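Participant: One structure, pasted below without further comment.
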Amino acid sequence: MTTAHHLRLIDGMRTTSFPPERVPSGAGVSGPGYHTALLVGEDGHEGEDEAVRGERRAQCLAEYDALLTLLTLRWGEPQVVSLWSAQERMMAGEVIAEPWAEPVARCEYLQLWHEEGRWIAVVLYQQDDGPGCELGALVTVVDPP
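Letter by letter, the sequence shown follows residues 40 to 184 in the working numbering.
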């Protein structure tokens, strides 16, 4: 997918109503008060050569940077939100509200904007022990943890 496609997908998530219950929605999941999407993923690439996976990671990081640049031009500098305290609370047994549970469980921080009553987050999921990289987005009315 291209950065233009990612922008169209995020814009669509911003303008689409939320379903009353959790359902699959194209590239992600939607539920009461939120839409999520996996923009760049790792599915089907587990057996690839490390060099190829490294190239995929570089491409994922480039798409992340390009998307952040365009969204920053549109809405200004994002809030860089550390998820450390939410991770600590999750590990202590607190249930983190959707759609925040997955980012809290899988990454250290995210880029966040608040526009027209909705939170828009861009999330980079990276593996500490390998070249894996996924790029996600979410749009929600649920306040961040």
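Quick reminder that beta carbons are idealized off the backbone N, C-alpha and C, glycines included. No experiment lies behind these values; they were computed from the predicted model shown.
#1: Scan the stretch 68-123 and note each continuous beta strand (DSSP E) run of 3 residues or more that stays entirely inside, going in chain order.
#2: Grab me the residues of C99's own chain with a C-beta within less than 6 Å of its C-beta, minus the 5 sequence neighbours each way, in chain order.
#3: According to DSSP, simplified to helix, strand and coil, what is P142?
#4: I'd like to check one pair, V161 with Y73: are the Cβ atoms closer than 9 Å?
#5: May I ask you to report which of helix, strand or coil DSSP gives E154?
#6: Does DSSP put L175 in a helix, a strand or coil?
#7: With a CB to CB cut of under 7 Å and the five nearest residues on each side skipped, what residues in its chain are close to P183?
#8: Just to confirm, is the Cβ distance from L122 to Y148 under 9 Å?
#9: Look at the alpha carbon of E154 and the alpha carbon of G93, and state the distance between them as a whole number of angstroms.
#10: From the DSSP output, in three-state form, read off A160 for me.
Facilitator: Considering the structure as presented:
#1: 73-79, 118-121
#2: Here residue 99 refers to the residue found at position 60 when the sequence shown is read from its first residue. Closer than 6 Å at the Cβ level, and outside the excluded window around C99, lie V79, C172, L174.
#3: Residue 142 sits at position 103 when you count from the first residue of the sequence shown. Helix.
#4: Position 34 of the sequence shown, counting from 1, holds the residue named residue 73. Position 122 of the sequence shown, counting from 1, holds the residue named residue 161. Not in contact: Y73 and V161 (Cβ atoms no closer than 9 Å).
#5: Position 115 of the sequence shown, counting from 1, holds the residue named residue 154. Note: E154 maps to strand in three-state DSSP.
#6: Counting from 1 along the sequence shown, the entry for residue 175 is found at position 136. The question names Leu, but residue 175 is Gly in the sequence shown. G175 falls in the strand class under three-state DSSP.
#7: Position 144 of the sequence shown, counting from 1, holds the residue named residue 183. Excluding positions up to five away in sequence, the list reads V120, W139, L151, W158.
#8: Against the sequence shown, residue 122 aligns to sequence position 83. Against the sequence shown, residue 148 aligns to sequence position 109. Taking 9 Å as the Cβ cut-off, L122 and Y148 qualify as a contacting pair.
#9: For the purposes of this step, residue 154 is taken as the residue at position 115 of the sequence shown. For the purposes of this step, residue 93 is taken as the residue at position 54 of the sequence shown. The straight-line gap from Cα to Cα measures roughly 34 Å.
#10: To locate residue 160, count along the sequence shown from 1; it is residue 121. A160 falls in the strand class under three-state DSSP.
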